[in-house]
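Quick note on my numbering: the sequence shown kicks off at 15 and runs consecutively.
Cβ atoms here follow ideal geometry from the backbone N, Cα and C, with glycine treated the same way.
Input: a single structure, listed below in structure tokens.
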Amino acid sequence: MDRFSLTCKSERDMDKLAYIFSYYISDIVEHVLCFGGDILNITGNVLLALWRVEQNQLSDIITLVAKCSLEIQEKFGIYHTREGQDLQLKIGLSAGQISQVIFGDERQQYLLVTGRDVDDVQLAQRLAQANEIVLSWNCWMLCEQYMFEVEVMREDEAVKLRDMRIIDPFDFNEHFDKCLDYLPHYRTSAETLRTALELDLHSELDQTLRKHVMKNLLKKIDEGQPVEYVSEFRTVTLVLVSLEFCKTAWMLHLCHLIQEAALYISTVIEKGRGQLSRIFMLEKRCMFLCVFGLPGDKKPDECAHALENSFSIFSFCWENLAETKLVSISITNGPVFCGVVGAVARHEYTVIGPKVSLAARMITAYPGLVSCDEVTYLRSMLPAYNFKKLPEKTMKNISNPGNIYEYLGHRRCIMFGKRHLARKRNKNHPLLDREKELEAFQVAQQKCLHQKKGQAVLYEGGKGYGKSQLLAEINFLAQKEGHRVLPLMLKEADSKQCFYAIQTLMAIFFEIDTCPAYYRQAYLQRQLHGIMEEQLHCLFNDLLFVKFPLSFKVSHMDDVARQKKVKACFIKVLQEAVRETPLIFLIDEAQYMDAASWEFLKTVLSSMPIIMVMTLTPVFTLCGWAQHFLQSPQAILMPISKLATTSLLRMACWELGVVSIPQELQIYLHRCVGNPLYCEVLCQDLLCKDILLFHVLQKEEEENSKWENLSAIAMKSTMYSISPANSEEGQELYVCTVKDDMNLDTVLLPPFLKEIAVSQLDQLSPEEQLLVKCAAIIGHSFHIDLLQHLLPGWDKNKLLQVLRALVDIHVLCWSEKSQEPPNESILVPSSVNITDQTKEKKTKLDGGSASLLTLQEELSLPQTEVLEFGVPLLREAAWELWPKEQQIALHLECACFLQDLACRCGSCHGGDFVPFHRFAVCSTKSSKGTSRFCTYRDTGSVLTQVITDKLQLPSPQDSFQFQMKPSRTQEAFSSECCRTEQEFLDQVKRKLAQTSPETDLLTTKPCHCKDILELVLSPLTQHCLVIGETSCAFYYLLEAAAASLDLSDSYMAFFYLRKASSLLGQPSAFSFLKKHKVKICQFEEATFCCLLSEVCFNMGHITLAKKLARKALRLLKRNFPWTWFGVLFQTFLEKFWHSCSPSQPPNNPSENKKKLAVLQQRVHCLSLLWQLYNLEATASSCRFACLAALMQKHSAEELANEAQVVSTYVDLSQFSQTMGNKEKWLHYEQMAIQKSSLCWFSREGLLATAQLVQALAYTKLCLGHLDFSIKLGNGT
């Protein structure tokens, strides 16, 4: 297993490793339990099983265990994986007496199994090769030897088991029944194999067992969290402590030493939120595995804590544990799987990953040291002089472990700090949104110069808010005005050195920090000449690393007097300097300043006109002298706010080197939440991952006739643009776009930002963490009923209580339309029951249309129950913590819940956004109508198996869009025939006046289709993509694009269609070689082209829109001619052949709906075509437009949908008007008015009627009937 673990290079590889290992181990564990054994522990790649019997029963039990081992090797000896790495099994057997020792205290306890036979079984396992079973010599002596075929490996050490001899009358079943009498704990009838699961929660034994479970895991168990929800992928710091004892040490004495070490280790690492995970013995070596950063314990500086705690443990063990031969500690940092492995009856919480194996290898390669890997060294941010690079050594199965360092402990700095700031000023990137902060410095500067009093400005802000950038700007401005600036940046380790900040500042002041050491003393002497007595120069020997002769006067001073004299000398020197040139101290990260330096600065501030500018991070608790300094009337504390959105986008343009970024990238950068550092890291990450395309900005761009090349042009109108920083003439300017095959929603966070977000997540309570993780699966916005569905065992009260707590700390926020949670839920809270409830309501209320409307209301999404993440970065990090298999299971739950809501809202009468979409797609399904989601099969998750069969695409029987029979209201309305415009207007007014909530809900409820798009369709596409259902994702992407076009949002339609295009793959140059990556039907491809055509039309790309509309018609089996001769011939056919051959509707209702779907798309494509050709004022285009209008009219009449017919007649009327044919113009208007009496008030009917009224108003305006035009306009 180690070799497989060490080949993992990414979190995805480790995900696969954990998944394979968990199920591989579970099969072995279940086999051991079935043979009456028990699992003591699962450590890394080692599983230790135990059969506990009396001495006289050993021979029979050895036979039983040997049979179990042979079966395990036969079934699981070699496990082939898709990654090409085979898992192989080695088994060692031993028999005899062992000791079980419990270490720890009243809070936490650990079980350790030790003894000679434990060492023997480890030796046997090491001697075994792949697929072999090795018995220790003691086990061989105690067994029935005549029953085994063996090979002696080493005399008096081990034998290799080849097979068992089955000799009559020996029968293994009888032998198994006999062994059951020796195993009283074996459960033959109960449902559970382990009695511990049936203990009373408050029993004494249960309380004892709870001490063996880690605290953070125990909290989650007490809250009832499912086992599947406990596992995570996260970055942790591992500390492996190895104590090697003398071989002559007595076991009882060793137990006392291990107990002392365990108590000290657990106490020390607890301060840094580390946990002692496991204790195990290897002969005379005891190993302690400690983990920093487990769920709930993440801290930003965990690497530094792990190193310092390790050195403390190292020193304690060497100095206080007798009989200790060698102490070795290794520290590694990296991503691991932290979760549960094993079977349902016996599982264990463990950590798996290459960094665990690396820590074990480092213990062997670098004994007697505190060693760490390069990642730990870099992330600790400790001074380099605390480390020593170690020579490279060969490690088993590790080809490139990277640099390994020895940690030497915290040592006093024997050199000065460096005169620099964290940031350098970039003249091409001006400071953004910091006018108030700069004004505070300028005000302090003026006060200091005019009032001759010291001034201090302290800028307080979170990490990454731009404090260092602000100091760099102040440094530039101060030097420009002729001030002398002393810059200094502090680190956390500096706070432990007394007077370090002042020592470094004065070294910078005397300019001895950069000069060679042999010139330092002479240079300092020249600086002090005339200011201080020469006999006092030796006061600076230790502080400034010089060697002046010790004077008689100084030798008679005690330490306190010397310190006072040094401070007085420093103040005198600074006072002399201030008289000549204004002096400014710039101190970055001032929260790391020691107390003595704060005290001295407070004295300086009150005694001389010096300007001090510092930065602080608010999460740190300042010392007492720092608090006194802040309370001084001459000190100003200035909080630094977040950057405005426009400033952040401007910064992103600078980082990417472009003048424009697309809207998709703007949405992606919302996760920065106003933090400049986050913006910088995200932009650099996008560049490293090669996600963006860069284009030269051109003033005039020719129209492109290919969809693949449209992205950069189409997004121009939605781009955020800036003026270039250096607008040199002739310089090329660039814009960027996202690659078509890239989805920014699935781009993983950079490790730096993920660590920050995970540490913030771990500050929440366990139930808050679980809620955030489940909400992260749903998306940035989520409905509380869907969230409750993902939280097993949570009632509404508990959910709202936790939500309110998260809203109070701004992790979540209610949507903009509603700031308060609702009293009752409208959404059905279970995706498993939603289909059954739908069927029940249809059978009970099958009589009228009201049942359909009531059902649709209950399936609608009220905005009042919608929340969104206030910290988008937290959502991304929480989503990445889930193991891949659990991610898929939860996304499948969400898709199952949302699928029945993926239709128009109740006020729009339901149905698909692409008309009759589900009926057309139904033909691609099997005869049983199974869902496309059912192609996904999860081999391990019970959660997934429960809902897979329930999840289906929208059923054809669930369509609410068209009624088969008219209602009474329709019949009454259609009986009134309208012949004039006035009669039509009177009839519309009369109908609207009769509408009431009790009689017609359609016209009184507002439209919620936008909410459906944002909360159902858009998340559904993401859920389908995560679970690998690309066909379903394509279906819902088309629905989302159609919904966006209905809402007049062409950019979002373009966004969804671009995603759909990436699913189809790159088109081939030869049509016969074209093969889509996702399997779709011809209707969906035609719909895709039709929607693309409409988007291109809205964006002004006429040529491409024509090309796509023609392609869509061809896929719909309705060709449109390319030449004028073809137009003449097709016109002849449309006029004469179409009138002579009326179409017969099919008898099958389902086939009828499929035909209606095709006809609806034809009508839409033809409408687009005549509008496109009508834009060109040529005779040829006029012929094409006339033909398209004629074909649209015939297709609409064949559709037999009155609303569509009315809409078509209105289109034809407008077309005739533009062509100057007044006769046809008024004729089609009259036809539309007559047909409108048959158009009942559905969504399509209302839209068609409104379109007709609007057209009539325009007609009357053109004809000069202004009064009637105004009446019609008011009616619209």
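- Task: Can you tell me which of Val-928, Leu-557, Asn-411 and Ser-773 puts its alpha carbon nearest to the alpha carbon of Gln-511?
- Result: Here residue 511 refers to the residue found at position 497 of the sequence shown. Ranking the options by Cα distance to Gln-511, first place goes to Leu-557.
- Distance, Lys-1168 Cα to Leu-1120 Cα: In the sequence shown, counting from the first residue as 1, residue 1120 sits at position 1106. In the sequence shown, counting from the first residue as 1, residue 1168 sits at position 1154. Residue identity differs from the one stated: residue 1120 is Lys in this sequence, not Leu. Going by the C-alpha atoms only, they are around 25 angstroms apart.
- Relative to the C-alpha of Gln-1036, which residue among Ala-1047, Val-132, Lys-441 and Ser-1209 is closest? Taking the first residue of the sequence shown as 1, we reach residue 1036 at position 1022. Here the closest residue by C-alpha is Ala-1047.
- Message: Helix, strand or coil, according to DSSP, for Glu-525 in the structure here?
- Response: Start at 1 with the first residue of the sequence shown, and residue 525 comes out as number 511. In the structure shown, Glu-525 sits in coil (DSSP, three-state: anything other than H, G, I, E or B).
- Message: Could you compute how far the alpha carbon of His-94 sits from the alpha carbon of Ser-280?
- Response: As a working note, residue 94 is residue 80 in the sequence shown. As a working note, residue 280 is residue 266 in the sequence shown. Computed Cα separation, rounded: 40 angstroms.
- Rounded straight-line distance, which links the Cα of Ser-342 to that of Tyr-380: What you label residue 380 is simply residue 366 of the sequence shown in a count that begins at 1. What you label residue 342 is simply residue 328 of the sequence shown in a count that begins at 1. Straight across, the Cα-Cα distance linking Tyr-380 with Ser-342 is about 8 angstroms.
- Message: Quick check: the stretch 149-160 against the stretch 121-139, are at least 3 beta-carbon pairs closer than 8 angstroms?
- Response: When Cβ pairs closer than 8 angstroms are counted between the two stretches, the stretch 121-139 is seen to touch the stretch 149-160, the count reaching three or more.
- Selected residue, minimal CA-CA separation from Cys-750, among Gln-677, Glu-212 and Glu-246: Start at 1 with the first residue of the sequence shown, and residue 750 comes out as number 736. Out of Gln-677, Glu-212 and Glu-246, Gln-677 has the C-alpha closest to the C-alpha of Cys-750.
- Find the nearest neighbour of Ser-371 within the set Ser-83, Glu-1190 and Val-60, judged by alpha-carbon distance. Position 357 of the sequence shown, counted from the start, is the residue given in the question as residue 371. Ser-371 has its Cα closest to that of Val-60, out of Ser-83, Glu-1190 and Val-60.
- Task: Look up Met-178 in the DSSP assignment and say whether it is helix, strand or coil.
- Result: Within the sequence shown, numbered from 1, the residue matching residue 178 stands at position 164. Under the three-state reduction of DSSP output, Met-178 falls in the strand class.
- Message: Can you look up Asp-52 in the DSSP assignment and give me helix, strand or coil?
- Response: As a working mapping, residue 52 is identified with position 38 in the sequence shown. Assigned with DSSP and collapsed to three states, Asp-52 falls in strand.
- Query: Taking one C-beta from the stretch 906-925 and one from the stretch 32-44 each time, how about it: are there three or more such pairs within less than 8 angstroms?
  - Reply: They do not touch, by the three-pair rule.
- Using 10 angstroms around the beta-carbon of Phe-1102, count the other beta-carbons present and answer buried if the total reaches 16, otherwise exposed. Numbered from 1 along the sequence shown, position 1088 holds the residue referred to as residue 1102. So Phe-1102 counts as buried.
- For Phe-1143, which three-state DSSP category applies? What you label residue 1143 is simply residue 1129 of the sequence shown in a count that begins at 1. Three-state result, Phe-1143: helix.
- Query: Apart from the five residues on each side of it in sequence, which residues of its chain come closer than 7 angstroms, Cβ to Cβ, to Val-710?
  - Reply: For the purposes of this step, residue 710 is taken as the residue at position 696 of the sequence shown. Same-chain partners within the cutoff: Glu-746 and Tyr-748.
- Query: My guess is that Leu-435 and Met-665 are in contact by the Cβ rule of under 8 angstroms, so how many angstroms apart are they, rounded?
  - Reply: Mapped onto the sequence shown, residue 435 falls at position 421. Mapped onto the sequence shown, residue 665 falls at position 651. In this structure Leu-435 does not touch Met-665 by the C-beta definition: roughly 19 angstroms separates them, more than the 8 angstroms allowed.
- Message: Taking the alpha-carbon of Met-503 as reference, which of His-797, Ser-329, Leu-600 and Leu-266 has the nearest alpha-carbon?
- Response: Residue 503 sits at position 489 when you count from the first residue of the sequence shown. Among His-797, Ser-329, Leu-600 and Leu-266, the Cα nearest to that of Met-503 belongs to Leu-600.
- Task: Measure the Cβ-Cβ separation of Leu-670 and Cys-637 and say whether it is below 8 angstroms.
- Result: Position 656 of the sequence shown, counting from 1, holds the residue named residue 670. Position 623 of the sequence shown, counting from 1, holds the residue named residue 637. The answer is no: Cβ separation not under 8 angstroms.
- Message: Taking 7 angstroms as the limit between beta carbons, can you name the residues of its chain near Ala-1054, skipping five residues before and five after?
- Response: The residue given as residue 1054 occupies position 1040 in the sequence shown. If we look at Ala-1054 and ignore the five residues flanking it on each side, its Cβ neighbours are Leu-1027, Leu-1031, Ser-1032, Thr-1035 and Tyr-1070.
- Item | Assigned secondary structure, Leu-335 (DSSP; H/G/I helix, E/B strand, else coil) | The count along the sequence shown starts at 1 and reaches residue 335 at position 321. Coil.
- Task: Consult DSSP for Arg-95 and reduce its assignment to one of helix, strand or coil.
- Result: Here residue 95 corresponds to residue number 81 of the sequence shown, with the count starting at 1. The sequence given here has Thr at residue 95, not Arg. Looking at Thr-95 - three-state DSSP - the assignment turns out to be coil, as it is neither helix nor strand.
- Check each candidate in Ile-418, Leu-1127 and Ile-293 and name the one with the smallest Cα separation from Gln-273. On the sequence shown, position 259 is the one that residue 273 refers to. Comparing Cα positions, the closest option is Ile-293.
- N-terminal and C-terminal residue of the beta strand (DSSP E) that Asp-602 is part of: Within the sequence shown, residue 602 is the residue found at index 588, counting from 1. 597-602 is the extent of the beta strand (DSSP E) around Asp-602.
- Could you spell out the range, first to last residue, of the alpha helix (DSSP H) harbouring Gly-416? Locating residue 416 in the sequence shown gives position 402, where the first residue counts as 1. Gly-416 -> no alpha helix (DSSP H), and no H or E assigned at all.
- My guess is that Val-618 and Ile-488 are in contact by the Cβ rule of under 8 angstroms, so how many angstroms apart are they, rounded? As a working mapping, residue 618 is identified with position 604 in the sequence shown. As a working mapping, residue 488 is identified with position 474 in the sequence shown. Not confirmed; about 19 angstroms, so no contact.
- Query: Which residues bound the alpha helix (DSSP H) around Trp-893?
  - Reply: Residue numbering aside, residue 893 sits at position 879 when the sequence shown is read from its first letter. Its alpha helix (DSSP H) spans residues 886-895.
- Message: Just to confirm the assignment, what range does the beta strand (DSSP E) spanning Pro-647 have?
- Response: Here residue 647 refers to the residue found at position 633 when the sequence shown is read from its first residue. Pro-647 -> no beta strand (DSSP E), and no H or E assigned at all.
- In terms of residues, what are the limits of the beta strand (DSSP E) holding Met-628? As a working note, residue 628 is residue 614 in the sequence shown. For Met-628, the enclosing beta strand (DSSP E) covers residues 625-630.
- Mind the definition here: the stretch 106-113 touches the stretch 243-253 only if three or more C-beta pairs lie below 8 angstroms; say whether that holds. No, because fewer than three Cβ pairs between the stretch 106-113 and the stretch 243-253 fall closer than 8 angstroms, the two stretches do not touch.
- Task: Express the C-alpha separation of Leu-912 and Arg-66 in angstroms, rounding to a whole number.
- Result: Against the sequence shown, residue 66 aligns to sequence position 52. Against the sequence shown, residue 912 aligns to sequence position 898. Separation of Arg-66 and Leu-912 (C-alpha to C-alpha, rounded to the nearest whole angstrom) is 52 angstroms.
- Since Lys-229 is in the alpha helix (DSSP H), which residue starts that stretch and which ends it? Locating residue 229 in the sequence shown gives position 215, where the first residue counts as 1. Where Lys-229 is concerned, the enclosing alpha helix (DSSP H) stretches over 229-236.
- Taking the alpha helix (DSSP H) that Phe-306 falls in, what are its first and last residues? Taking the sequence shown and counting its residues from 1, one reaches residue 306 at position 292. Not the alpha helix (DSSP H): Phe-306 falls in the beta strand (DSSP E), residues 299-306.
- Could you please give me the residues that DSSP links to Pro-349 through a beta bridge? For the purposes of this step, residue 349 is identified with residue 335 of the sequence shown, where counting begins at 1. Answer by DSSP bridge pairing, in chain order: Thr-249.
- Message: With three or more C-beta pairs closer than 8 angstroms as the rule, is the stretch 407-426 touching the stretch 463-470?
- Response: Counting Cβ pairs under 8 angstroms, fewer than three are found: no touch.
- Item | Residues sharing a beta bridge with Trp-828, DSSP | As a first step, residue 828 is located in the sequence shown; it is residue number 814 there, counting from the start. DSSP lists Leu-881 as partners of Trp-828.
- Query: Should the stretch 481-496 be called in touch with the stretch 397-406, which here means at least 3 C-beta pairs below 8 angstroms?
  - Reply: Remark: fewer than three beta-carbon pairs, one from each stretch, lie closer than 8 angstroms, so the stretch 481-496 and the stretch 397-406 are not flagged as touching.
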